[in-house]
Amino acid sequence: DQQVKQNSPSLSVQEGRISILNCDYTNSMFDYFLWYKKYPAEGPTFLISISSIKDKNEDGRFTVFLNKSAKHLSLHIVPSQPGDSAVYFCAAVTYKSGAGSYQLTFGKGTKLSVIP
Amino acid sequence: KAGVTQTPRYLIKTRGQQVTLSCSPISGHRSVSWYQQTPGQGLQFLFEYFSETQRNKGNFPGRFSGRQFSNSRSEMNVSTLELGDSALYLCASSLGQGIAPLHFGNGTRLTVT
Chain D
1 DQQVKQNSPS LSVQEGRISI LNCDYTNSMF DYFLWYKKYP AEGPTFLISI
51 SSIKDKNEDG RFTVFLNKSA KHLSLHIVPS QPGDSAVYFC AAVTYKSGAG
101 SYQLTFGKGT KLSVIP
Chain S
1001 KAGVTQTPRY LIKTRGQQVT LSCSPISGHR SVSWYQQTPG QGLQFLFEYF
1051 SETQRNKGNF PGRFSGRQFS NSRSEMNVST LELGDSALYL CASSLGQGIA
1101 PLHFGNGTRL TVT
């Protein structure tokens, strides 16, 4: 079962416009969420995170919104730039008490293309 | 500070062989996690090592194993390779305490023929 879902495999946006990437989750035990960006031939890099006790977190052009009742989060990029073209992964965190550690569960990713 | 280093970058193996991948974490990071990325499957968690002990494990067969050394460097081994093992294998390091973002290496691209 897929606990973190990114239902849009790809998204194309005009430069300067807003990019909205969506992520849904099924496990209500997730208490922290992160977004990663991945360029081809590179590893994912951390972008922004949000705790389950918040509904919004902003960092420059990037804002993440969390709707706990809908089990939905979204990443907004404003304004979008060609350099933002990458695959974006949503990840959710749970605490594994047996392991004594936190584990990340990733979605399958959304490929964003920003058109100049 | 140097990032996470994975070697080799590319590897081609034949079905039935075994392979060992290496990961050097960021200095000071004690946790190393391994992920498998295949087209359309996202990043799937293999296992996590902390202070030389496997602390957490994903749902992969026993052919996938790993270890961590006293300097926090980690190796992952896959035995009896199958065609479906072709993937990008990513290593990530973190301090390993609390919720800390993972820092990923650039991965090892394994192709099994």
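Chains D and S are the protein sequences, given in the same order. For the first sequence, my numbering assigns the number 1 to the initial residue and increments by one for each residue that follows. For the second sequence, my numbering assigns the number 1001 to the initial residue and increments by one for each residue that follows. Glycine included, C-beta positions come from ideal geometry on N, C-alpha and C.
| Check | Outcome |
| --- | --- |
| Using alpha carbons as the reference points, say which of Ile20/D, Asp31/D, Ala99/D, Tyr39/D lies closest to Lys68/D. | Asp31/D |
| Where does Val87/D land, buried or exposed, given buried means 16+ other C-beta within 10 angstroms? | buried |
| Could you tell me which residues DSSP pairs with Gly1066/S in its beta bridges? | Met1076/S |
| Which chain S residues are close to Tyr32/D, counting only those with a beta carbon under 9 Å from its beta carbon? | Ile1099 |
| Which residue or residues does DSSP assign as beta-bridge partners of Asp24/D? | Lys5/D, His72/D |
| Say whether chain D places a C-beta atom closer than 8 Å to the C-beta of Leu1046/S. | no |
| Is Gly1066/S close to chain D? Criterion is C-beta to C-beta, closer than 8 Å. | no |
| Which residue from Val13/D, Tyr25/D, Gln2/D puts its Cα closest to that of Leu73/D? | Tyr25/D |
| Name the chain S residues that come within less than 8 Å of Gln103/D, Cβ to Cβ? | Phe1045, Glu1048, Asn1056 |
| Using only the alpha-carbon positions, how far apart do Ala1092/S and Leu1102/S sit? | 6 Å |
| Looking at the structure shown, is Gly1042/S part of a helix, part of a strand, or coil, going by DSSP? | strand |
| Taking DSSP as the reference, what is the three-state secondary structure of Asp59/D? | strand |
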